[in-house]
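A.B. asks:
Numbering (my numbering), first residue to last: 7 to 462.
1) Which residues in the same chain as residue 43 place their Cβ atom closer than 6 Å to its Cβ, once the five residues preceding and following it in sequence are excluded?
2) What is the DSSP secondary structure of residue 329, reduced to helix, strand or coil?
3) Can you tell me whether residue 272 is buried or exposed? The criterion is at least 16 other CB atoms within 10 Å of its CB, across all chains shown.
4) Consider the C-beta atom of residue 247 and the heavy atoms of the ligand SAH; say whether any pair is separated by less than 7 Å.
5) Which runs of the beta strand (DSSP E) fall wholly inside the region 135–215 and span at least 3 residues, in chain order?
6) Check whether the Cβ atoms of residue 334 and residue 381 lie closer than 8 Å to each other.
7) I need the DSSP call for residue 383, collapsed to helix, strand or coil.
8) Using three-state DSSP, classify residue 119 as helix, strand or coil.
9) Determine the burial state of residue 445: buried for a count of at least 16 other Cβ atoms within 10 Å of its Cβ, exposed for fewer.
10) My output table needs one value for residue 7: the three-state DSSP class, helix, strand or coil.
11) For residue 95, does the three-state DSSP call read helix, strand or coil?
12) Counting along the chain, where does the beta strand (DSSP E) carrying residue 406 start and finish?
13) Compare the Cα-Cα distances from residue 384 to each of 353, 64 and 426 and report the closest residue.
14) Contact check, residue 30 vs residue 305 under 8 Å by CB: the rounded distance?
15) With respect to the beta strand (DSSP E) encompassing residue 439, which residues constitute its N-terminal and C-terminal limits?
16) For residue 113, which option in 161, 89, 148 and 139 has the closest C-alpha, if you only look at C-alpha atoms?
17) Whole angstroms is fine: what's the gap from residue 252's alpha carbon to residue 167's?
18) Spatial neighbours of residue 376 within its chain, please: CB distance less than 8 Å, with the 5 preceding and 5 following residues excluded, ordered by chain position.
19) Can you find the residues in the same chain that come closer than 6 Å, C-beta to C-beta, to residue 6, ignoring five residues on each side of it along the sequence?
20) Does residue 136 pass the burial test, meaning 16 or more other C-beta atoms within 10 Å, or should it be called exposed?
21) Extract the residue ranges of the beta strand (DSSP E) inside the region 55–111, only unbroken runs of 3 or more that lie entirely within it.
22) Which same chain residues, not among the five before or five after residue 101, have their C-beta less than 7 Å away from its C-beta?
23) Please look up how many angstroms separate the CB atoms of residue 203 and residue 248, rounded, as I've assumed it's under 8 Å.
24) With DSSP as the reference, please indicate the residues paired to residue 401 in a beta bridge.
25) How big is the Cα-Cα spacing for residue 398 and residue 326?
26) How about residue 453 and residue 390: are their beta carbons less than 8 Å apart?
27) Give me the Cβ distance between residue 239 and residue 220, rounded to the nearest whole Å; I'm assuming they're in contact under 8 Å.
28) Less than 8 Å between the C-beta atoms of residue 217 and residue 201, yes or no?
29) Assign residue 98 to buried or exposed, taking buried as 16 or more other Cβ atoms, counted over all protein chains shown, within 10 Å of its Cβ.
30) Which first and last residues belong to the beta strand (DSSP E) in which residue 217 is found?
31) Inspect the CB distances between the region 64–77 and the region 312–327 and report whether three or more fall short of 8 Å.
32) Between 396, 354, 359 and 387, which has its C-alpha nearest residue 366's C-alpha?
33) Looking at the strands, I want to know which residues DSSP matches up with residue 283.
34) Output yes or no for whether 8 Å exceeds the beta carbon distance between residue 54 and residue 341.
35) Find the nearest neighbour of residue 41 within the set 47, 76 and 64, judged by alpha-carbon distance.
36) Quick test of your reading: residue 274 and residue 39, contact by CB under 8 Å. State the CB separation rounded to the nearest angstrom.
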């Protein structure tokens, strides 16, 4: 069985690396997991957990220290905003590992990030902005029910204004949140773990886990029906769902949303509505080096039947059509990416977030860029630690498509790694996919790239 899932992961990787069609996984510059999308003011804010590159290298499994944020307005180009919170933000918690699945919700202009510290219960952070900085407003645990089972919090504000927080593995629990969103009201309640609510688990009997419910609950509402998505067992996990006419149940099991696929023994659903469509976020092991401990977030469009049931889906190459074209005449961060290979996301105190091209012919694709009547110049903030023969080619539609310009990158210093380069480009108009191809003779760390902009 282990080799079967490794083969599936390899096949998905090969599928996704066919340039021009790949969108999943949506982040290629880091390992990401446990997607938690939130829609706010026309933007999708995607909070994720972060698997370190060396996870399980010591045989100890997950290595998770912080949480990251990515945003998109078109569902194909995603901007990396780096780390927005970490275990270090909780003075009372363990800080060596265990930054598992979070979720963020907005209320009255503030943003509440519910964070499990695996083995140490659930805390809450708050910010005036979805980008952070997030701070601990109570300096103590918000949920202190069972240290190891208090994971995967999912908040929901019902139509009457009452807020709830669900969580749990192997049981499913909920509690009411007060209007301040940082304190609870009443006793913790447990959802009965019945076959009717979650379906019967296949395979070996497990008294602790008799149903398919495993972990990773996600609350969602469509029309008058409440949906409870969850990571379902046995291991390796699939995604299942139940529905109810009330946020507190009773829940009725409806079946499988996504079967076991993708090479990771875990999965985690996140569902949103955005610009007239519905989307399921999940994770797999499809990137090179991927595993159950080095995972990657993906997206599929959700389709509903007339009765509200969900059309079962598989893991695919992802969302191929942008919801809206990208404007190249506005400053665009280099870490705004539809697809990349050989590129690593980085950050420093002076610059913030940027990307590094790791080797010759590494590239970034930005999807559906609308040049309108035409661009004549291109400006970029870029730099390299290597002397001579370092450049960035700008091509259209494919990696070897029409070359419209080449930025020659001068060597910069350790104290100032950036230079602003402006070049003339061949006139380009209309909508095109845009490719940045990084060239250099160095064996590693070819160049740094901060932002870009076309000029009319």
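Glycine is no exception: its CB is placed at the ideal position from the N, C-alpha and C atoms. Keep in mind the model is a prediction, meaning the values are calculated, not measured.
C.D. replies: According to the data block:
1) Working through the chain shown from its first residue, we reach residue 43 at position 37. Result list for residue 43: 50, 52, 276, 278 and 287, in chain order.
2) Taking the first residue of the chain shown as 1, we reach residue 329 at position 323. Coil at residue 329, not helix or strand.
3) Within the chain shown, the letter at position 266 stands for residue 272. The residue is buried, with at least 16 neighbouring Cβ atoms inside 10 Å.
4) As for the ligand SAH, it is missing from this structure, which has no ligand bound.
5) 160–163, 169–173, 178–183 and 190–197
6) Counting from one through the chain shown, the residue named residue 334 turns up at place 328. Counting from one through the chain shown, the residue named residue 381 turns up at place 375. In contact: residue 334 and residue 381 (Cβ atoms closer than 8 Å).
7) Here residue 383 is taken as the residue at index 377 of the chain shown, counted from 1. The answer is strand: DSSP assigns residue 383 an E or B state.
8) On the chain shown, residue 119 is found 113 positions in, with the first residue counted as 1. Of the three classes helix, strand and coil, the one that applies to residue 119 here is strand, per DSSP.
9) For the purposes of this step, residue 445 is identified with residue 439 of the chain shown, where counting begins at 1. Residue burial is scored here from C-beta neighbours: residue 445 has at least 16 other C-beta atoms within 10 angstroms and is therefore classed as buried.
10) By one-based count along the chain shown, residue 7 stands at place 1. Since pLDDT at residue 7 reaches only 37, below the 50 mark, its modelled position is unreliable, and the value read off the structure follows with that caveat. Residue 7 falls in the coil class under three-state DSSP.
11) As a working note, residue 95 is residue 89 in the chain shown. If DSSP states are grouped into helix, strand and coil, residue 95 belongs with the helices.
12) As a first step, residue 406 must be located in the chain shown, where it is residue number 400. Counting along the chain, residue 406 falls outside any beta strand (DSSP E), and DSSP gives it neither H nor E.
13) The residue given as residue 384 occupies position 378 in the chain shown. Answer by Cα proximity: 426.
14) In the chain shown, residue 30 corresponds to position 24, counting from 1. In the chain shown, residue 305 corresponds to position 299, counting from 1. At roughly 7 Å, the Cβ-Cβ gap stays under 8 Å, so residue 30 and residue 305 are in contact.
15) Numbered from its first residue, the chain shown carries residue 439 at position 433. Looking at the DSSP string, the run of the beta strand (DSSP E) that includes residue 439 is 437–445.
16) For the purposes of this step, residue 113 is taken as residue 107 along the chain shown, with counting starting at 1. Comparing Cα positions, the closest option is 161.
17) For the purposes of this step, residue 252 is identified with residue 246 of the chain shown, where counting begins at 1. For the purposes of this step, residue 167 is identified with residue 161 of the chain shown, where counting begins at 1. So the two alpha carbons sit approximately 14 Å from each other.
18) As a working note, residue 376 is residue 370 in the chain shown. If we look at residue 376 and ignore the five residues flanking it on each side, its Cβ neighbours are 331, 332, 333, 334, 436 and 437.
19) For residue 6 there is no data in the structure shown, the boundaries of the chain being 7 and 462.
20) As a working mapping, residue 136 is identified with position 130 in the chain shown. When all chains shown are included, residue 136 counts as buried.
21) 72–78 and 84–92
22) Working through the chain shown from its first residue, we reach residue 101 at position 95. Here the set comprises 93 and 94.
23) To locate residue 203, count along the chain shown from 1; it is residue 197. To locate residue 248, count along the chain shown from 1; it is residue 242. That belief holds up - the Cβ atoms of residue 203 and residue 248 are roughly 6 Å apart, short of 8 Å.
24) The residue given as residue 401 occupies position 395 in the chain shown. DSSP lists 409 and 441 as partners of residue 401.
25) For this step, residue 398 is matched to residue 392 along the chain shown. For this step, residue 326 is matched to residue 320 along the chain shown. Using only the alpha carbons, I get a separation of about 26 Å.
26) Locating residue 453 in the chain shown gives position 447, where the first residue counts as 1. Locating residue 390 in the chain shown gives position 384, where the first residue counts as 1. In contact: residue 453 and residue 390 (Cβ atoms closer than 8 Å).
27) Locating residue 239 in the chain shown gives position 233, counting from the first residue. Locating residue 220 in the chain shown gives position 214, counting from the first residue. Yes, residue 239 and residue 220 are in contact; Cβ-Cβ is about 4 Å, under 8 Å.
28) By one-based count along the chain shown, residue 217 stands at place 211. By one-based count along the chain shown, residue 201 stands at place 195. Cβ distance < 8 Å, so residue 217 and residue 201 count as in contact.
29) Working through the chain shown from its first residue, we reach residue 98 at position 92. Per the 10 Å Cβ criterion, exposed.
30) Position 211 of the chain shown, counting from 1, holds the residue named residue 217. Neither: residue 217 is in no beta strand (DSSP E) and is coded neither H nor E.
31) No, because fewer than three Cβ pairs between the region 64–77 and the region 312–327 fall closer than 8 Å, the two stretches do not touch.
32) Within the chain shown, numbered from 1, the residue matching residue 366 stands at position 360. With distances taken between Cα atoms, residue 366 lies closest to 396.
33) Along the chain shown, read from residue 1 onward, the residue named residue 283 stands at position 277. DSSP lists 280 as partners of residue 283.
34) Position 48 of the chain shown, counting from 1, holds the residue named residue 54. Position 335 of the chain shown, counting from 1, holds the residue named residue 341. For residue 54 and residue 341, no; Cβs fall outside 8 Å.
35) Taking the first residue of the chain shown as 1, we reach residue 41 at position 35. Just measuring C-alpha positions, the residue of 47, 76 and 64 sitting nearest residue 41 is 76.
36) By 1-based counting over the chain shown, the position of residue 274 is 268. By 1-based counting over the chain shown, the position of residue 39 is 33. Contact holds; Cβ gap of about 7 Å.
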